[in-house]
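All remarks here apply to the structure that follows.
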Ligand SMILES: [Zn+2]
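In the numbering used here, the protein residues as written are 15 to 379.
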C-alpha cells in the first residue's frame, strides 16, 4: 500500500455523510459529502471530502452545504470517481469556489502509451489516442487542468492508494484493469478481441419495455449474468473509509466486475466487506450493477442511493429490495432532498428522519 495523502489530525472520530440531490427525470448523478474527525471541535480536527459533484447546479449546492452545515469551504480531498458528466461536471464549481488540497482523479490520457497495443488497428499512436481521450473526456480534463493551475495535489485512484492515516483505502480499479477498460471506452477505436473478457456489454434494445414481476423476501431476482454496465462506469474508483471501526464504501458507478475485483482485493488485505456500516449503492441503483454474487461479498447496515427526482429507472425496485433482503436500511434522495447518515454527528435541529425505502411487492423484470 502506498500512503500518499495526508495523515489525519485527530482520533476522536465521528463522521457524517450527505447526499445532495442531483438531476431530474432520466438524469441521475452523484454529489456526496463526507466529514470525519472531531465534528464538535475546530475545523483543523476534521477532514472534509467531496465525492463527485453531479452537474453544475449540484456543484453549487455542495458549496452551499459545506458552508451551511460543515462551516467551511476548505476541502481536504475531492474525488472524481469516473469522467461521466453526471459525476464530474459539478466538481469544477467545487474547485473554483473552495480551497481544495488533494484531488483523486484518473488521467486517461496519461495511459495512452500503455494502451496503444490494445487496439485492432496497429497504426494507432499514443499522441493520437491522448488527444482523443482528452477531447472526449472534457469534464475530467478540465478538472485536471484547473487543479494543476491551482496547485492542488493530483493522485490517480488506483488499488492500494491510502490516505488520512489509512482511514482511506482505494480498493479498485487496479491500474491493469483500468487500462483494459480504457481501451473499451466509447471514444477509443475498436479494441482487440481478448479484451472482451473484462466485461461483456450487451446491446440494449432501443425501447426497453418494463415487465413487472412479483417479489418476496424469500426469492432472489438479481441475475448474475455478464456485466452490462459501461467500461466508463466500471472504471469508477471504489473507495473504503474506515472510521472508528465503521466501514463506509463508496462505489461511483462501478459494475459487477469492478465491484467483485474490489472485494477480492479487500479480501486479500484481510478486510471483510460483509459488515459495512454504510454502502453507497452503485450507479444510482441500476439493476445492471448489482448481482447476488456481489451482495454475497458486500453487505451494509445502511445503504444510500443517489437517484434523480422522478427517475423512471433509478433506483430499480428489485435492487432496493435485494439490499433489504441482505439486511440494509435503504434510503434514496429522489425527492429533491438531501439525506444524511452519521455516527456521533452533531444534531441538525431542523432535520427530521428520512423515510426508509419500502419493500416493493412488484418490481421491474
Ligand atoms: Zn452516474
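Built from N, CA and C at the ideal position, the CB exists for glycine as well.
Terminal residues of the continuous alpha helix (DSSP H) containing residue 79? 70-79
Quick one: is the Cβ of residue 188 within less than 7 angstroms of any heavy atom of ligand 1? no
In the DSSP output, which residue or residues are listed as bridge partners for residue 321? Bridge partners of residue 321: none, in fact.
If I measure Cβ to Cβ from residue 275 and keep anything under 8 angstroms in the same chain, skipping five residues before and after, which residues do I get? 186, 187, 188 and 191
Residues bridged to residue 294 by DSSP? 318
Flag this pair as touching only if the segment 134-143 and the segment 91-108 have three or more C-beta atom pairs under 8 angstroms; answer yes or no. no
Is it buried or exposed for residue 267, if we count other Cβ within 10 angstroms and need 16 for buried? buried
Could you check whether the Cβ of residue 67 sits closer than 7 angstroms to any heavy atom belonging to ligand 1? no
Is residue 272 a contact residue of ligand 1, with contact defined as CB to any heavy atom under 7 angstroms? no
Backbone CA spacing between residue 217 and residue 210 [nearest angstrom]: The predicted position of residue 217 is uncertain, since its pLDDT is 42 and thus under 50; a value taken from the coordinates is nonetheless stated next. Answer to the nearest angstrom: the Cα atoms are 14 angstroms apart.
Please confirm whether residue 113 and residue 78 have their CB atoms less than 8 angstroms apart. no
Cutoff 8 angstroms; reference residue 46; Cβ partners in own chain excluding five residues on either side: 31, 32, 33, 34, 64, 65, 66, 264, 294 and 320
Would you check if the distance between the CB atom of residue 261 and the CB atom of residue 234 is smaller than 8 angstroms? no
Who are residue 355's beta bridge partners in DSSP? 31
Burial state of residue 90 (16 or more Cβ within 10 Å): buried
Assuming residue 191 is part of the alpha helix (DSSP H), what are its boundary residues? 189-196
Exposure label - residue 229; buried when at least 16 CB within 10 Å: buried
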